[in-house]
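A short write-up of the structure that comes next.
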Amino acid sequence: MQHGPLSIQNSVFPSPSSSAVVFKLQPESLMKTTLSRTLEILLSLLIRISVVEKTLVTAGYAPNDAPKLPEGFCKHGDITATTGECMCHWQHKDGCKGAGCQYQMGLSFYHYSCNDCECVPEP
283 MQHGPLSIQN SVFPSPSSSA VVFKLQPESL MKTTLSRTLE ILLSLLIRIS VVEKTLVTAG
343 YAPNDAPKLP EGFCKHGDIT ATTGECMCHW QHKDGCKGAG CQYQMGLSFY HYSCNDCECV
403 PEP
């Protein structure tokens with residue numbers, strides 16, 4: 283039976299006279315190999331965590347360049363700088379009409395890819 287760097291040679295006690303447990307140290311080379319493998323695993327985990335963290339941190343950023351917007355896009359709203367969305371002037375759930383309109387956190391908006399969306403002028 284092995285416990286870390288120690289191995290128990292006499293773990294089963296067949297008779298009362300042989301009840302002593304003898305510990306034998308593993309060879310130093312085996313301990314170095316185990317330590318090297320542990321460091322390799324830890325380094326691998328550190329690299330993977332840093333890659334995932336970089337991906338998650340940059341995932342929410344808007345693109346650097348604005349898309350080409352169709353003619354007459356966003357007549358009654360303001361165009362976002364880089365995401366191609368129209369933020370309607372009338373911030374109401376009925377401030378936008380069309381299949382791709384969204385109303386979130388008090389804002390009416392739509393993306394330029396929606397062909398039938400448009401902002402409704404404030405009544």
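In this note's numbering, the protein residues as written are 283 to 405. Virtual Cβ for every residue (Gly too), placed ideally from N, Cα, C.
Could you round the C-beta distance between residue i and residue j to whole angstroms and report it? I think they count as a contact, below 8 angstroms.
i	j	result
glycine 377	cysteine 396	The Cβ separation is near 14 angstroms, so there is no contact.
tyrosine 392	glutamine 386	At roughly 11 angstroms, the Cβ-Cβ gap does not stay under 8 angstroms, so tyrosine 392 and glutamine 386 are not in contact.
cysteine 370	glycine 359	4 angstroms
glycine 366	tyrosine 394	4 angstroms
Does residue i get closer than 8 angstroms to chain B when you measure Cβ to Cβ?
i	result
cysteine 368	Judged by its chain identifiers, the structure shown contains no chain B, having just a single protein chain.
Do residue j and residue i have their beta-carbon atoms positioned less than 8 angstroms apart in this structure?
i	j	result
valine 333	tryptophan 372	no
threonine 364	proline 352	no
glutamate 400	lysine 350	no
For residue i, list the residues DSSP reports as bridge partners.
i	result
aspartate 360	Met369
serine 390	Tyr385
glutamate 400	Lys379
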